[in-house]
Structure formats: C-alpha cells, structure tokens
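Protein chains in written order, with the numbering used here: chain A, -6 to 431; chain B, 638 to 971. Take a look at the structure set out below.
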Amino acid sequence: MAANFDPSQAASNAGPGRRTILKTLGLGAAGLAGIPLLAACTGGSGPAPGASSNSLTFGSGSSDDVPKAAYKAVTDAFTKKTGITVATNVVPHNDFQNKINSYLQGSPDDAFTWFAGYRMQYYASKGLLAPVDDVWSTIGSNFSDAIKKASTGADGKMYLVPNYNYPWGFFYRKSFWAEKGYAVPNTFDDLKTLATKMKADGIIPIGFADKDGWPAMGTFDYINMRLNGYQFHIDLTAHKESWDQKKVSDVFDTWKALLPFQDPAALGQTWQDAAKALEAKKTGMYLLGSFVTQQFTDPTVLADIDFFPFPEIAMEGTDAVEAPIDGLLLSKKGGDNKAAHDFLSFMGTAEGQNAYAAVDTSNIATVKGADTSKFTPLNKKCADTIANAKYISQFFDRDALPAMANNVMIPALQSFIKDGNVDVKNLEAQAKALYAAQ
Amino acid sequence: MSTTAEKPAAPDSEPGAAGRNTAGKGRSSAGRRPGKSGKVRRLTRRDKLVLAIMVGLPTLIQLLLVWLPTLFSIALSFTRWNGLDLTDIKPAGTDNYSFVFQDYPPFWPAVQHNILWLVFLAVIATPLGLLLAVLLDQKIRGSKIYQSIFFTPVMLSLALIGIIWQLFYNRDSGLLNYLLGTAGKSQAVDWFGDSNVNIWAAMVAATWRHAGYVMILYLAGLKGVDPSLREAAAIDGANAAQTFFRVVFPAMRPVNIVIVVITIIESLRAFDIVYVINRGTNGLELLSALVIQNLVGEGQVIGVGSSLAVILLVISLIPIVFYLIRTFGKEGKA
C-alpha cells in the first residue's frame, strides 16, 4: 500500500472504519465459531406434546406437495377411524434430515417420518427412539421378511413401521430399444457388450449424474453387492469390514470397465438432467431409483419406460435389490403415548398405506394386500421386484454412517469418476476416524 | 489553556470521556466543561450505571456470541463427539488435526483454492472495483445509475446469484457456450462440472460481487479526499495518472487498509457461490465449505469440523492481528 500519508487524517478516518471492520470481523468470527454451538443447541420446535391418548403429534419431513397431501390423507383416515387427533408438524425435508440430532434431543414429536437402515439403528442404539414390538405383533404378518429385517434395530427390537419403498434399476425406453434391437442384459458382460454396441451407434450408453454426489453410490452399491454379496455391503457400510482390502478395490476395478460407457458429463448434471437425457434418447439406459419417473411428465413417455435389475456379476444373482424404505418411527417420548402406537399400527395396515398411495402414486406400498388396482405395469414390476428380492439394501447413505457417506464417499466417488483412481487405504483411514467418533 | 487546571477535579469521571482518546488529541475536547466539576460528580452515579450498561452489555454479547463459541470450538476440536449426549464427548488429543492434515483429501485442495481465491480477488476483483470507483467518480452522466447497477450484486440473495450464473454457465443452454459456439456440441465446456475450470467460473462470479463492494467503499473514500490536494497537484504540473497514484491513492490510506482486510476476509470466508454450485465438492473445495460440511447437517463430525474451524480461525487471525497492530500502533505513536 501507499507509503506516505497524512497521519491526522488517517486518525480521524480510521475511527469509523476500524469499528465497522471489527464489527464485521466479530460477526464473521461469531458466525464461524458459533456453528458447533448452534448445531448443538437448536432445539426442535412444534406444537405442545399431547400426553393423553386422544391425540399425538406427528413430525413429517415429507414437505413436497404430493407426499405432504398423502400423509394428510393418512392422518385424516386415522382420525376418522379412531377419533384420535393428529397434530402434524411439517418441516422442509432437507432441514428435517439435517437437524435430526437436535430434533430428537429437543422436544421431538411422538411419531415422525424416517428411513430404514443404519440411520435408524444408530438413533435407536442411542436410546432416542421407542421400540414398537407391540405394534409389530399385530402388523407383523403384513410384511415380507426382508422388510421386517430392515425395520429391526441392532438390538433385535422393532423400531420402524415401513410405509413405502422404491427399487433402483436400469431404466430405459422400450420403443427406443425395440427400434435399435437392444436386448436386456442378464450378466455384466452382456451389459458391457450392449454398451459397446450403443456407443458405436452414437448414443451415450449409460446415463449418469453426480453433481449432487449421492447418485453414484447406487452404482457402487450394486457392483459391490453383485460382486461380494449383500452381507458384505451391510458389514462394509457398518464398518465391520475394512475398506482397505481386495474386495473393495475389486469393486472399483469392475466399475472402471463401465466408466467409459457412463455419461462423461456426470459431474456437471443432476439426476433430473440425466432423466431428461434418457427421455430425449440421448442416453440408452439410466441407473436410478424409480423416482426417476417423476421427471417424465408426458404420459406417452411414462408408458414407454421400463426397467431391469442390475445384471448379475459373481454372487447371489440378482437377489439383492436396492430399495430404500421410508416409514415412521416413535421418539422416546412418543413411546409413552398409546395413541402414537396406534398411529403406527394404522400405518402398518393396507388401509393406512392405501390412503397414502392413493395420493402419492410414485412409490410402492410395503404392506401385503395393498391396493394394486391402480398400478401401472411399471408400478407392478417395481412391486414384484421388491417382493421377490431376497435381500433389500437401503442405499449407501442410509446403510452407512452419514458422515462416511457425505464427507468421504461423495468426494471419493467424484474423483473416481474424474480419473478412475481411488485410494482405498485412505478410505479406510477416514472410515476408522469417523466411525470412532460415533 | 485553562482546561488542564480543571482536570484533576474529576479524576474518576474521566474514563467515559477521555478513555477513548488516550493521546493528546483528546485533551482539547475537555475544554468544553470548565467549572462543572460538581455537576460531574453528581452525575457520576447515573453515569456509572449507564456506563456499566453500555460497556457491560456489549461485553456480554461479545462474550456470548464470540468468545464462548470460539473457546468451545477450540475445546471441541480436541475431542470426539457425536453431537448427541454431553457424556459422549471423548478426548481425542490432536487426532482431529492429524486427520485433517493427513487423511482428509479435500483439505489441501481447499487451502490451495482459498489462496487462489485471495490472489484472484487481490489482483483482479479489487483493482476492478477501484477502477469502477474512479470512473464513476468523474462527473459522467448517469453515474448514480451505474453505481446502483454495479452495487446490485452485493445486495442479491445467494439463491438468485446461483440462478443468474447458471444462465451463463449452463453446459447445454448457457449464454457462454452459446457465444463460444459450442452449445449442444460435445466440446461444450461444462463450466460448473469440469473441475479444471469450475473454480475460475466461481471466482468470476465472486468478482462480480466483490468489485461492487470495493467500488462503493472507494467511492466514499474518493469523496473524502480533500479537493485542494488535487488542485495543488495540478498546479505542480502532475498529470491525471500521477495525481491519482501519487496523491489521491495515498490519501485514501485508511480506506486502502480496510479494503486489504476485506479482501483477505472475503477470500477466507468465500462460501456462498461454491455452495450454491455444488456444495463445495469436485474442484470447488474451500475451507469454509468444509467447515459447514463437517459441522452442519447429516455429515456432522463435530471434532473434525471444529478443528477445521480453528484452522480457519488461526489463518483469519493473521490479517486481523496485522490490522490491529497497524491501527493501535499508530495511535500509540500519535
């Protein structure tokens, strides 16, 4: 900066400047430094808890219009049937997920929406959830074993009452494939052959989007389960297995064979972009959850969509299906409220799930005997795929520690997509540190 | 000067009035209160109360919002904690720091990006803001309108900025690829997705904001420069460039120091734009984004996040200390 200046002028000018600056710095420092404090102190808010058994509070992270209306239909049907009033407290879903720690420790609602998998078991093991074995003793026969297993805590008690789920698979346009003469691949080698053919035809064989970081976990999960089996997936995500071993590097090596066929623009696009590319026949197939169909607003396109399971590689054929389950849990406080148990029981019946599915048709009800009369052929195929699955995995970010999924896997997979390199030793080092912190 | 004689009469009522102006400069203001020593003493109790409130309240707020969180952060950075129960806090020594330095792949790229960000702001954005200020300080028509236009980005919300730049940078339909003639073709540049270019794209977006901010500060600074300095320079035969660089710019020294500090701070807390683009991943890692990633939301690892925050704090202290030394060192000498 300038070397010579007028000191008196500087002194008179520096006053306000300094204060402004200090204030700015102070606020900045408070902002940064305050984060842990804020993170620890933001309590959940909501209507006053109703301890009597004539009412319950229900925290819902399903804030989008359709699921929100669908849960409203469920609570209305429940109130109509039992006379118990439900005070619903809807929170935007990202906020709901991000604040779950403080929500459960603050004043949580009696019942709330959540997921199956490690993310549920973790809070159960910390004593923040109430077991619902009593509920399961009445609704147990309504569910398949795979779903029951997914609803169980690490201590063997039941915690979740599932509502719906949706399978992950390769989605494609039937007419496009018929026109080009492509056939559904059954093995990984078939898939590679098909992809090679598509590439020769000038199509990007496999649609891919990973700007948000999580969609690539689907590819990892499937290759891992097809190569090493469902149990290895569960043990790896729970960090009972080390990342620094051949089984894991094999997954990445296998994937590397697929990388040249996946959309090279993956890191710059969201799954919605990739869905559009599939619709426009720019890509041949796209591995995603069935929620991809939400993007196909044109009914003729929607009717043209089909999917096939991830082809078999080495183990268990295609027995394992990635089908994340959403459902309801009881908070510790809600465990003392009889009405809340009743509400969960209701959700575990065909009646309750039909009320939901009548409004939100993009998901598959988990209960046996749910109304399938309005199912499209695609819905039916999704339902059959799940019903016939021997193992249901919950997707990496639900089966693993959230920090492992968000802080470690997202950057690792993104850099793998970029240059095909991954350092499994480093993954293990990070996993060790993060799981130890829990 | 009769004021000096009055002074000792009210020694304990001084701190409020004279405490701030320590050096000789403050003495002259005391001249306004000759012979009021008795009154001053009567007011003292109320003064004390007012003073206690005026000093105590900001101190309390400062303590509550700045010092306690800072100390908590530092303490937490030496622990492992899942954020649930206070009894779950386990001491971890310096494990979190060695994790960050050795095992956390985004850390060093983030440091590099912050440095790059600082250099870019210092070399491109800040001079651009100065240039805009100098141009708009001329008596050109519509100067106010231009000022508003250039300052608008500073006032826009984060979400809006993301949308605006998406329009420029989108791979398939963005203005930039359209102008380059590559839109829709395979060689179209993926400005946000390609990790080789996205940091530059983000820094241009940041410049767009920062330049407006710097411009407003310099405009105020330029207005504050005594016009007689320019006249004197003109009389001495200095041309426009010499007048600016030798006379006006040095005369704005206080503003310059503020700008230096702001530029450094802006580059350290750069966050919003990368967070809007892709939450600070894939080539857009920044320290602040890593702090948020580790402290807020589902990926919460309080120990690691706190140690990242402490690292950022230590780095931030350097310009702050530099600034304070310049300021208070100067007052001491005066």
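By construction, the Cβ of each residue, glycine as well, lies at the ideal position given by its N, Cα and C atoms. Given the structure is predicted, the values throughout are model-derived calculations rather than measurements.
Taking all protein chains shown into account, B/Pro891 has 16 or more neighbouring C-beta atoms within 10 Å of its C-beta and is therefore buried. If you keep only unbroken beta strand (DSSP E) runs of at least 3 residues inside the region 308 to 345 of chain A, you get 313 to 315, 318 to 323. The beta carbons of B/Ile786 and B/Ala843 sit about 18 Å from each other, so the pair does not count as a contact at 8 Å. With respect to the 8 Å criterion, A/Val84 and A/Ser48 are not classified as neighbours on the basis of their beta carbons. B/Thr724 has a beta carbon lying at 8 Å or more from every beta carbon in chain A.
The Cβ-Cβ distance between A/Ala363 and A/Ala350 falls below 8 Å. By the criterion of at least three beta-carbon pairs nearer than 8 Å, the region 63 to 72 of chain A is not in contact with the region 897 to 914 of chain B.
Cβ contact annotation for A/Gly413 (same chain, cutoff 7 Å, sequence separation greater than five): Lys249, Leu252, in chain order. For the set A/His334, A/Met278, A/Asp335, the Cα lying nearest the Cα of A/Gly162 is the one of A/Met278. When 8 Å is used as the limit between beta carbons, B/Gln930 is near these residues of chain A: Asn399, Asn400, in chain order.
Ranked by Cα distance from A/Thr212, the first of A/Leu420, A/Ser386, A/Phe108, A/Ala426 is A/Ser386. The DSSP-derived three-state label of A/Met278 is strand.
At a beta-carbon threshold of 7 Å, the residues of chain B lying near A/Lys411 are Ser832, ordered along the chain. A direct Cα-Cα distance of roughly 32 Å separates A/Gly146 from A/Gln407. For A/Lys119, the chain B residues whose C-beta falls within less than 7 Å of its own C-beta are Leu721, listed in chain order. When the Cα atoms are used, B/Leu769 and B/Ser735 turn out to be separated by approximately 45 Å. Counting only the Cα atoms, A/Phe301 lies some 36 Å from B/Gly799. Straight through space, the alpha carbons of B/Leu713 and B/Glu868 are spaced by roughly 59 Å. Residue nearest to A/Gln255 within the set A/Lys119, A/Lys192, A/Pro178 is A/Lys192 (criterion: CA-CA distance).
Taking C-alpha positions only, A/Lys275 is separated from B/Val947 by approximately 47 Å. The contact set of B/Phe715 on chain A, defined by CB atoms closer than 9 Å, is empty, because the minimum CB distance reaches about 13 Å.
Cβ-Cβ distances below 7 Å link A/Glu421 to Ser235, Trp236, Asp237 in the same chain, with the five nearest sequence neighbours on each side left out; the list follows chain order. Bounds of the beta strand (DSSP E) holding A/Asn82 are 78 to 83. Here the alpha carbons of B/Phe757 and A/Asn419 stand approximately 32 Å from one another. Taking 8 Å as the cut-off, the Cβ atoms of A/Arg219 and A/Glu305 count as close. If the five residues before and after A/Ala380 are omitted, its C-beta is found closer than 7 Å to the C-beta atoms of Ser137, all from its own chain and listed in chain order.
Under the DSSP assignment, A/Trp170 falls in the alpha helix (DSSP H) whose first and last residues are 167 to 173.
In this model, B/Leu921 and A/Gly206 are separated by some 13 Å (Cα to Cα).
Scanning chain A for C-beta atoms nearer than 7 Å to the C-beta of B/Arg808 yields Ala258, Gly261, reported in chain order. Assigned with DSSP and collapsed to three states, A/Asp299 falls in strand. Secondary structure at A/Ile306: coil, using DSSP grouped into helix, strand and coil. In this structure, DSSP gives A/Lys92 a state outside helix and strand, which the three-state scheme calls coil. The beta-carbon of B/Glu935 is placed less than 8 Å from the nearest beta-carbon of chain A. For A/Pro85, the closest Cβ of chain B is not nearer than 8 Å. The residue among B/Phe881, B/Lys860, B/Ile872, B/Ile962 with its C-alpha nearest the C-alpha of B/Asp774 is B/Lys860. Less than 8 Å separates the beta-carbon of A/Lys325 from that of A/Gly120.
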